[in-house]
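See below for the structure under consideration.
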Amino acid sequence: MNIDRRRFLAASMGFLAGAAVPNIFGKRVYGQRTDKKPNIVLINTDDQPSWWVGVYGNEDVHTSNMDKLASEGMLFKTAVTVPVCSPSRAMMLTGRYNHQVGIDDFINNDEVTGLPNGSVTFAQVLRNAGYTTGIVGKWHLGKEMEYWPTLRGFDYWAGFTNAHGPLNPTLYVKRGDERVENQKIEGFTLNILTDYAINFIHENRDKPFMLYLSYPAPHMGYLPVPEEDMAHYIGKKFKLPDYKRFPEAKDYPEQELQKRYLANYAPVTSIDRNMGRLFEELKTLGLEENTVVVFTGDNGYCLGRHGLRSKGNARFLGTDIPRPNMFDDSIVVPLIVRWPGVVKPGSRCNELVSHIDFFPTFMEIAGLETTDVSHLEGISILPLLRGEEKIWRDELFLIYDMKYHAVAHMRMIRIKRWKLIHHYEDERKNELYDLKNDPGELNNLYGDKSVKSVQYILTGRLKAWEQRVGAAKEDLLKRNRPY
Ligand SMILES: [Ca+2]
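Residue numbering for the sequence shown follows this note's numbering, starting at 23 and increasing by one per position.
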């Protein structure tokens, strides 16, 4: 069969199988499909908060493909995750809270640990259901071979264990039991990873596949990027937050912060351009209709907000003063889902969702029952994607036991209006924010008499959750971890 014929057939099948079901008036009806298993492409960026995406309201960053994806799919305004790499990835892959799979903080380069054997990932479940599963890029759930993604449900891996710089990457390339090729490739890392992702899609175009494309950027400023990505920012001055109101950060030079913005926005644009290449490939292969694309980030970032640089383990700008935190800037990540025929183009969702929801969502997308997997903490967001009226959860929880940069033991409950954070390392640091009247989380109301009942109720709910999932203060002692 020649390529044109194959593409034509694939395109026709995509149309028949994937399009929205036309009703008798010829209108598209969303939320219904009757076709074969859809492919899943999950794109995860490293340290990109939702506020670094144009469509989330940022006028400085250039993200035309991310914005277009939102115009074709659903954008979630409040998608949260643990505010550092490894715990967030553990939550996403296992559908459980990070401490339940033993990942408290990011995994340092010299640490011999990782996602334990026996932690079931969505990749394993999808592979059992007939999917070919691949990961391209950063893993960050264990450096030793026993923790590698090819032993956690992925048939294919082209990438690296921890972080990697922007140029000339050395990649492990591994398929099943094949030997590992350790390849150094000349060029820009983000372009090269996308090439591998495109190849994976091309090779698996005739069967259901799940691709987890894990970009290692814009992590801590990721330059250089190709000139074409930099071109969007020549001579540009970025809007900066009012970081000078924070005494610890007030002496930090504006010019330096401008440079940091450039070092983060330019790689976001580089990823965005590469995402465009990947989407073109899906279209060319006729797979666009039958592929669910999920775009998200592994944690947020402050970059001047609250006077901080970095995320949950932030420090004040220009200092080594730590500020462990669960500000929305650190925990809210982009989440955009496109699924032609199911998700209404340009739709927006204000419900509270979390990275623990990915696992059951992917199961449901693959047509699998989620009732037998009671160990999962997340809920499938498929009803939200379909636009169904549904009573949804009204609370989200997070846990972050931080050991690098500072010691902190944070537990959070976030409802739509309020957020409570316990700091078990020092309860004088507890926080309570009214997100409706103080979305920037500048006014800590913990202990304020005017919100006594809110604090009381949220404390009860948070403690009940802590007890249930083994995250209470007493459990820290049992785990022999100091606080
Ligand atoms: Ca990260």
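We put the CB at the ideal spot given by N, CA and C, even for glycine.
Name the DSSP bridge partner or partners of residue i?
i	result
S376	V102
P240	D68
T192	K206
W179	I157 and K196
C371	F98
E270	Answer is none; E270 lacks a bridge partner.
N213	Partner(s): none; N213 has no beta bridge.
N120	Per DSSP, none; premise fails for N120.
R331	R337
V395	Answer is none; V395 lacks a bridge partner.
M232	I62 and T155
G136	G164
Could you tell me the boundaries of the alpha helix (DSSP H) in which residue i lies?
i	result
G319	No alpha helix (DSSP H) contains G319, which is instead part of the beta strand (DSSP E) from T313 to G319.
M338	Per the sequence presented here, residue 338 reads as Phe, with Met not at that position. Element bounds for F338: not the alpha helix (DSSP H) but the beta strand (DSSP E), N335 to F338.
V491	K474 to V491
D251	E249 to M252
V359	From DSSP, V359 is part of no alpha helix (DSSP H) but of the beta strand (DSSP E) over L357 to R360.
P109	C107 to T116
E278	E276 to T306
P12	For residue 12 there is no data in the structure shown, the boundaries of the chain being 23 and 505.
D497	K495 to K500
P405	L404 to L407
With burial defined as no fewer than 16 other Cβ atoms inside 10 Å of the residue's Cβ, what is the status of residue i: buried or exposed?
i	result
R55	Low confidence applies here, because R55 scores a pLDDT of 48, under 50, leaving its location unreliable; read the following figure in that light. Answer is buried; the Cβ neighbour count reaches 16.
Y78	buried
D69	buried
T103	buried
E164	Inspection of the sequence shows that residue 164 is occupied by Gly rather than by Glu. Buried is the call here.
E399	buried
K441	buried
V134	exposed
I18	As displayed, the chain neither begins before 23 nor continues past 505, which places residue 18 out of reach and without an answer.
M167	exposed
N226	buried
H519	Outside the modelled stretch of the chain, which goes from 23 to 505, sits residue 519, for which no answer is possible.
Y478	exposed
G95	buried
H397	exposed
Q122	buried
K458	exposed
L233	buried
P230	buried
I413	exposed
R475	Reading off the sequence, residue 475 comes out as Ser, not Arg. Exposed is the call here.
E488	buried
N120	buried
So residue i is in the beta strand (DSSP E); what residue range does that whole segment cover?
i	result
D89	Taken as a continuous stretch (DSSP letters only), D89 belongs to no beta strand (DSSP E), being part of the alpha helix (DSSP H) at S86 to E94.
L173	Counting along the chain, L173 falls outside any beta strand (DSSP E), and DSSP gives it neither H nor E.
A151	Element bounds for A151: n/a, residue is neither H nor E.
H431	A430 to R436
L442	W440 to H445
I524	For the chain, the structure presents residues 23 to 505; residue 524 sits outside this window and is missing.
D351	From DSSP, D351 is part of no beta strand (DSSP E) but of the alpha helix (DSSP H) over D350 to I353.
P346	P344 to P346
D456	E453 to D456
Is the closest heavy atom of ligand 2 to the C-beta of residue i under 6 Å?
i	result
E453	Ligands displayed in this structure: ligand 1; ligand 2 is not among them.
Which residues are close to ligand 1, meaning CB closer than 5 Å to any heavy atom, in chain order? D68, D69, C107, D320 and N321
Are there three or more Cβ pairs, one per stretch, closer than 8 Å when the segment 325-341 is compared with the segment 298-311? Taking a cut-off of 8 Å for Cβ pairs, the segment 325-341 and the segment 298-311 do not touch, as fewer than three such pairs fall below it.
Per the contact definition of three or more C-beta pairs closer than 8 Å, is the segment 188-198 in contact with the segment 134-146? no
For the segment 145-152 and the segment 210-228, state whether three or more C-beta atom pairs, one from each stretch, are separated by less than 8 Å. no
Are the segment 267-275 and the segment 56-67 touching by the rule of at least three beta carbon pairs closer than 8 Å? no
Can at least three beta-carbon pairs, one atom from the segment 354-368 and one from the segment 81-97, be found at a separation below 8 Å? Under the 8 Å Cβ criterion, the segment 354-368 counts as touching the segment 81-97, having at least three qualifying pairs.
Does the segment 206-220 come close enough to the segment 279-296 that 3 or more CB-CB pairs lie under 8 Å? yes
Cβ pair count under 8 Å reaching 3, the segment 363-383 against the segment 403-415: yes
Can we say the segment 245-255 touches the segment 169-183, given the rule of at least three CB pairs closer than 8 Å? no
For the segment 317-328 and the segment 345-353, state whether three or more C-beta atom pairs, one from each stretch, are separated by less than 8 Å. Yes, since at least three Cβ pairs between the segment 317-328 and the segment 345-353 fall closer than 8 Å, the two stretches touch.
Would you check if the segment 383-390 and the segment 71-86 touch, i.e. whether three or more CB-CB distances between them fall below 8 Å? no
When the Cβ atoms of the segment 278-292 are set against those of the segment 196-208, are three or more pairs found closer than 8 Å? no
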